[in-house]
Amino acid sequence: MLPPETITAIADELAAAERDRTTVPLLTARHPGMTVEDSYAVQNEWRRRAVASGRRLVGRKIGLTSKVMQEATGITEPDYGAVFDDMVFENGSVVEHARFSNVRIEVELAFVLREPLSGPHTSVFDVLRATEYVVPALEILSSRLEMAGRTIVDTISDNAAMGGMVVGGNPVAPEEVDLRWVSALLYRNETIEETGVAAAVLNHPATGVAWLARKLAQHDDGLAAGEVVLAGSFTRPVWIEPGDTVLADYGRLGTISCRFR
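Adding 541 to a residue's 1-based position in the sequence shown gives its number in the numbering used here.
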């Protein structure tokens, strides 16, 4: 484990990078012995400070749950990060591009919990019972670290590259639709860029939420009623430039869009 003063220094560096919209050199290049547990300690310190400053935790994101995302990043295990209220945008929002670094968009489903979810034995069925509804979401990725050569340790420390999320479309109860077969068409500037099916996320998007609950249990944490969980992307990330308009068509679950100013 890295010493506490190093964990604090890394959290300071990442907080400054988020504030100044800059990127910092890879952590693993400077701290070659850094572990996954070290990186979650960094993330927890960053999250603690965010809450202390008045930001409100509203949910979590899960990353790198699909083969297509793992191949896109070269990272082969999932990770998770925190979602704060100021990261959530309504459908059709105009989003300030300069607020983020290395901006990309992913297509996901968001689970909104009716009941708490925790414990080392959480299953897909526990997730479905605890979920009030599932709704389309776009994740805005923002990397405060150099992109080339990132490892799972780097991405976890960087709050799993969470920048923001846009939520919209038609909420559905999990028993109303086979979530594996939810599909989406992703357009950028009216040109189709990606397509995908939600089963790409660990064969069922609720599997990712169950993984998250089990992983949080290892850190003496859990999911609260009312939290929103981004279950992981089922398309590759699409790079976004200032002025781009993004639209995702989820069929019967509706559409979701935003524009980057």
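Every residue, glycine too, gets a C-beta built ideally from N, C-alpha and C.
Taking a C-beta distance under 8 Å as the contact criterion, E647 and P778 qualify as a contact pair. According to the DSSP assignment, A725 belongs to the beta strand (DSSP E) that extends over 724 to 729.
Contact check for D620 against G604 passes: the beta carbons are separated by less than 8 Å. Contact between the region 703 to 712 and the region 573 to 584 is not established, with fewer than three Cβ pairs separated by less than 8 Å.
Exclusion of the five residues before and after S724 leaves T736, G737, V738, A739, Y791, G792 as the residues of its chain whose Cβ lies within less than 8 Å of its Cβ. In terms of Cβ geometry, F625 and A570 do not form a close pair [threshold 8 Å].
Positions of the alpha helix (DSSP H) runs, each at least 4 residues long and wholly inside the region 712 to 788, are given as 746 to 759 in order along the chain. At a Cβ-Cβ threshold of 8 Å, R802 and V636 count as neighbours.
DSSP places V644 in no beta strand (DSSP E); its state is neither H nor E. The shortest C-alpha to C-alpha distance from H638 to any of L598, I681, E673 is the one to I681. Assigned with DSSP and collapsed to three states, G574 falls in coil, not helix or strand. Note on geometry: alpha-carbon atoms of I733 and L788 lie some 9 Å from one another. Relative to the Cα of T786, the nearest Cα in the group K756, E731, L794 belongs to E731. In the DSSP assignment, the residues bridged to K602 are G622, L771.
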